[in-house]
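Taking it in order: structure first as structure tokens, then the write-up.
There are 2 protein chains.
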Amino acid sequence: MGRKQTKSGKIRLTEVAKLAGVSPITASRFFRNPEALSLSKRERVDSAVKELGYVPNLAARALASHRTEVIGVVIPSLTNNVFADVLRGIYDSSEGSRYSIQLANTRYSILQEEKLLRLFRAQKPAGLIVTGINQTAESRKVLETMNCPVTQIMEIGDSPVDMMVGFSHYDAAFAAISHILEQGRRRIGFLGARMDPRVQRRFEGYRDAMKTASLFDPNLVVTTSVPTTVTLGGTLFADLLARTAEIDAVFCVNDDLALGVLFECQRRQIAVPRDLAIVGFNDLEFMASAVPSLTSVRTNRYEMGRHAVTMVIDAIEGRRPQEPVLDLGFQLMVRESSMPQNS
Amino acid sequence: MGRKQTKSGKIRLTEVAKLAGVSPITASRFFRNPEALSLSKRERVDSAVKELGYVPNLAARALASHRTEVIGVVIPSLTNNVFADVLRGIYDSSEGSRYSIQLANTRYSILQEEKLLRLFRAQKPAGLIVTGINQTAESRKVLETMNCPVTQIMEIGDSPVDMMVGFSHYDAAFAAISHILEQGRRRIGFLGARMDPRVQRRFEGYRDAMKTASLFDPNLVVTTSVPTTVTLGGTLFADLLARTAEIDAVFCVNDDLALGVLFECQRRQIAVPRDLAIVGFNDLEFMASAVPSLTSVRTNRYEMGRHAVTMVIDAIEGRRPQEPVLDLGFQLMVRESSMPQNS
DNA sequence: CAATCCGATGGTAGCGCTGTCAATAATTGT
DNA sequence: ACAATTATTGACAGCGCTACCATCGGATTG
Numbered sequence: 001m002g003r004k005q006t007k008s009g010k011i012r013l014t015e016v017a018k019l020a021g022v023s024p025i026t027a028s029r030f031f032r033n034p035e036a037l038s039l040s041k042r043e044r045v046d047s048a049v050k051e052l053g054y055v056p057n058l059a060a061r062a063l064a065s066h067r068t069e070v071i072g073v074v075i076p077s078l079t080n081n082v083f084a085d086v087l088r089g090i091y092d093s094s095e096g097s098r099y100s101i102q103l104a105n106t107r108y109s110i111l112q113e114e115k116l117l118r119l120f121r122a123q124k125p126a127g128l129i130v131t132g133i134n135q136t137a138e139s140r141k142v143l144e145t146m147n148c149p150v151t152q153i154m155e156i157g158d159s160p161v162d163m164m165v166g167f168s169h170y171d172a173a174f175a176a177i178s179h180i181l182e183q184g185r186r187r188i189g190f191l192g193a194r195m196d197p198r199v200q201r202r203f204e205g206y207r208d209a210m211k212t213a214s215l216f217d218p219n220l221v222v223t224t225s226v227p228t229t230v231t232l233g234g235t236l237f238a239d240l241l242a243r244t245a246e247i248d249a250v251f252c253v254n255d256d257l258a259l260g261v262l263f264e265c266q267r268r269q270i271a272v273p274r275d276l277a278i279v280g281f282n283d284l285e286f287m288a289s290a291v292p293s294l295t296s297v298r299t300n301r302y303e304m305g306r307h308a309v310t311m312v313i314d315a316i317e318g319r320r321p322q323e324p325v326l327d328l329g330f331q332l333m334v335r336e337s338s339m340p341q342n343s
Numbered sequence: 001m002g003r004k005q006t007k008s009g010k011i012r013l014t015e016v017a018k019l020a021g022v023s024p025i026t027a028s029r030f031f032r033n034p035e036a037l038s039l040s041k042r043e044r045v046d047s048a049v050k051e052l053g054y055v056p057n058l059a060a061r062a063l064a065s066h067r068t069e070v071i072g073v074v075i076p077s078l079t080n081n082v083f084a085d086v087l088r089g090i091y092d093s094s095e096g097s098r099y100s101i102q103l104a105n106t107r108y109s110i111l112q113e114e115k116l117l118r119l120f121r122a123q124k125p126a127g128l129i130v131t132g133i134n135q136t137a138e139s140r141k142v143l144e145t146m147n148c149p150v151t152q153i154m155e156i157g158d159s160p161v162d163m164m165v166g167f168s169h170y171d172a173a174f175a176a177i178s179h180i181l182e183q184g185r186r187r188i189g190f191l192g193a194r195m196d197p198r199v200q201r202r203f204e205g206y207r208d209a210m211k212t213a214s215l216f217d218p219n220l221v222v223t224t225s226v227p228t229t230v231t232l233g234g235t236l237f238a239d240l241l242a243r244t245a246e247i248d249a250v251f252c253v254n255d256d257l258a259l260g261v262l263f264e265c266q267r268r269q270i271a272v273p274r275d276l277a278i279v280g281f282n283d284l285e286f287m288a289s290a291v292p293s294l295t296s297v298r299t300n301r302y303e304m305g306r307h308a309v310t311m312v313i314d315a316i317e318g319r320r321p322q323e324p325v326l327d328l329g330f331q332l333m334v335r336e337s338s339m340p341q342n343s
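The listed protein sequences correspond, in order, to chains P and U. For the first sequence, the UniProt record's numbering assigns the number 1 to the initial residue and increments by one for each residue that follows. For the second sequence, the UniProt record's numbering assigns the number 1 to the initial residue and increments by one for each residue that follows.
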């Protein structure tokens, strides 16, 4: 014979059905489509479930139905505040739907990403949300064989695996630099940390804006592959100053670095914005609160999360968007730190 | 007859076994216990898997084996930086093990927590990590019927569901206040936001330390249920000043509030630490970088995550710790913001 | 050389649920 | 009133994998 007898303590759907006096399949329908049951049976199954404390077996459900109600989310970092807002949008939007969110963290490792995508594929998620558009060829292959709607978030590009929600990091950086140039600043430093693909694109926006104004100078660029911290902002700024003293503005690829620069200026008695303009990226909450308040590029992270989930759920349920790529844009939040020098 | 024929495109373990010239059960063992196979069969199965692009079906695996290799993690917030570090520890520690992490976010809602725990139970996780010790009676019941190792993190208490890793928020706050008192400060304000159970315990530490010195005054306490932001730190501090001008120190329940207080001081020309001492909680990275650098209570969040995973995995594999409750303590990081007034 | 053990492999029977289709009961139209 | 349609319900098989033995050859032992 096979394995040992089913323990009498185990409560399966069959037991519930028996107690309710219906067939197992009717009890099954109680969970998936209660409206299809007559009111009397619905009530009987409901009370049987409660009486027995029935806990459905999701594995059996998934095996029999060939699907799950899980939306996978793959992000590169939990430490980076940027993703906290995206995730807030994702969770807010998924709440009230039948789908639950399963989060996975690549920690900026493309190997880890491949591994996680493979794991997700084996779980047959109902939908998937992944960060960025620079997946490896291998990861892309996994995504294409995922057999469910996929949304890439955080940036936009020409060849979506399926759908995309994001904005142009290039344009956003370009706009920020243009703003600084309009304030009459000429020597604009670039501080970059953990140069992931999106940060790289911000650099390109900076570079091209500077080149357009014939002001690009490699000496103005300081980058590192180290992850971002506030302290690092101060360090990179010190490096920049050591390299060339003639600096009248700094563009930081994120707000933590910008805050670090501000602190370093306070330490060195550099007046902001008189002696130096500071512009960050993402517009985290503290930027408006700093003294002086810090200019930044607001990215619509919460909305990005919301839209990503909505698009995925709609696609799961057969309502595909007409346009697979959604650009949520950005807003330049001009504050005291980038006011003109004579103000 | 039953459902339609299995699509010929679908690759199951049977197909792999056939190609490798072994029985399905041998192919199955290839994944779970490769050492048990002879070298020749191992190689044959390996190449068959690669040739067919076999993707195991986790639902079938879970159904047949009655278990999964998922460790569930339940936290109240992703926005709160504190959890980012805990999660980093969790992910670091789980890497290299066979277990994968599944994250769920209650958003500080106890109803959401009950729902998520029920969902986890239906998934039969191998282990579970939950935040805090203040679960509802219902949640606790679900945890107790989870049938897998459970570790509560972030704080410690007397009645663990199973295991615990954390520290005493009460003691930490008490120590911070004692330090401020030792600097000769007498009127120490308390700023608190989103008064979750752990923040509540920090308040109790503050209150008792102040009472011990006969300095407790309800007018010094400003709290709100609103979630924490840097800006809110400034607002609460302004409220405190409006209520009583004689303040020579502020204890903030977290570092974001402390930074907000610092900015507000800069705006109001209040000299720190001469006119006011500021002490935060958690010791986020920016505290050391601020000007002046800000005193805080370092909590061992990364270690907490690491230990939680290790304890859970050990317990899954039958190595239960002798002592179910692990206290990781805290360190007071004294910096410029709480130096004596005459310095 | 029989008795014993051990490592490698396979056969069988489910795990608990749902898709498919058929059957039945209730309702409607003419 | 009777056929046609629509709501409910049920029977059956099987999703893809693994637990539980059974087996079988070969090594070890006395």
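For glycine and all other residues, C-beta sits at the position ideal for the given N, C-alpha and C. It should be emphasised that the depicted structure is a prediction, and the values quoted were computed from it without experimental measurement.
Between Phe-120 of chain U and Leu-128 of chain U, the C-beta spacing is below 8 Å. Legend: CB atoms of the stretch 93-119 of chain U lying less than 7 Å from CB atoms of chain P belong to residues Ser-100, Gln-102, Leu-103, Asn-105, Arg-107, Leu-119.
Within chain U, Val-291 have C-beta atoms less than 8 Å from the C-beta of Arg-267 of chain P, given in sequence order.
Per DSSP, the continuous alpha helix (DSSP H) segment holding Ser-139 of chain P begins and ends at 137-144.
Thr-310 of chain U carries a helical assignment under DSSP once its states are collapsed to helix, strand and coil. The closest CA to that of Arg-186 of chain P, considering only P:Ser-100, P:Ile-156, P:Asp-217, is found on P:Asp-217. Distance from the CA atom of Glu-95 of chain P to the CA atom of Asn-105 of chain P, rounded to whole angstroms, is 21 Å. Pairing Val-161 of chain P with Met-163 of chain U, the inter-Cα distance amounts to about 43 Å.
The beta carbon of Val-261 of chain U does not come within 8 Å of any beta carbon belonging to chain P, so the residue lies off that interface. Against chain U, a Cβ distance below 8 Å from Gly-234 of chain P picks out Ser-289. Per DSSP, the continuous alpha helix (DSSP H) segment holding Val-49 of chain U begins and ends at 39-52. Between the alpha carbons of Asp-327 of chain P and Gly-157 of chain P lies a gap of roughly 10 Å.
If you draw a straight line from the Cα of Leu-37 of chain U to the Cα of Lys-124 of chain P, it comes to about 29 Å.
In the structure shown, the three-state DSSP call for Ser-94 of chain U is helix. A direct Cα-Cα distance of roughly 30 Å separates Phe-251 of chain P from Pro-227 of chain U. The continuous alpha helix (DSSP H) containing Ile-177 of chain P extends over residues 169-182. Fully contained in the stretch 60-87 of chain U are the following beta strand (DSSP E) runs of length 3 or more, in chain order: 70-75.
For Phe-237 of chain P, the uninterrupted alpha helix (DSSP H) run begins and ends at 230-243, by DSSP. Per the C-alpha coordinates, the member of P:Ala-122, P:Ile-313, P:Val-334 positioned closest to Tyr-99 of chain P is P:Ile-313. By the rule that beta-carbons nearer than 8 Å mark a contact, Arg-121 of chain U touches chain P. Taking the beta carbon of Phe-30 of chain P as reference, no residue of chain U falls within 9 Å; the closest one sits roughly 15 Å away. Rounded to whole angstroms, the Cβ separation of Ala-176 of chain P and Thr-224 of chain P is 20 Å, and the two are not in contact under 8 Å. A distance below 6 Å between beta-carbons, with the five flanking residues on each side excluded, links Leu-103 of chain U to the following residues of its chain, in chain order: Val-73. Cβ-Cβ separation between Ala-258 of chain U and Gly-233 of chain U: approximately 6 Å, consistent with a contact (criterion under 8 Å). When DSSP states are grouped into helix, strand and coil, Thr-106 of chain U belongs to the coil group. The straight-line gap separating the alpha-carbon atoms of Asp-92 of chain P and Tyr-108 of chain U is approximately 13 Å.
With contacts defined as CB atoms closer than 8 Å, Thr-79 of chain U and Arg-301 of chain P fail to qualify as a contacting pair. Only those residues of the stretch 195-220 of chain P whose C-beta falls short of 7 Å from the nearest C-beta of chain U would be listed, and there are none. By the Cβ-count criterion, Ala-20 of chain P is buried, with 16 or more other Cβ atoms from all chains shown falling within 10 Å of its own Cβ.
Taking a C-beta distance under 8 Å as the contact criterion, Gly-132 of chain U and Arg-198 of chain U qualify as a contact pair. Boundaries of the beta strand (DSSP E) harbouring Thr-223 of chain P: 221-223, taken from the DSSP string.
In this chain, the alpha helix (DSSP H) harbouring Leu-19 of chain U covers 13-20. Pairing Ala-126 of chain P with Arg-67 of chain P gives a Cβ-Cβ distance under 8 Å. Here Asn-147 of chain P is exposed, its C-beta having fewer than 16 other C-beta atoms within 10 Å.
Excluding residues up to 5 positions away in sequence, Leu-19 lie with their Cβ nearer than 8 Å to the Cβ of Glu-51 of chain U in the same chain. Around the Cβ of Glu-182 of chain U, a 10 Å sphere holds fewer than 16 other Cβ atoms; the residue is exposed.
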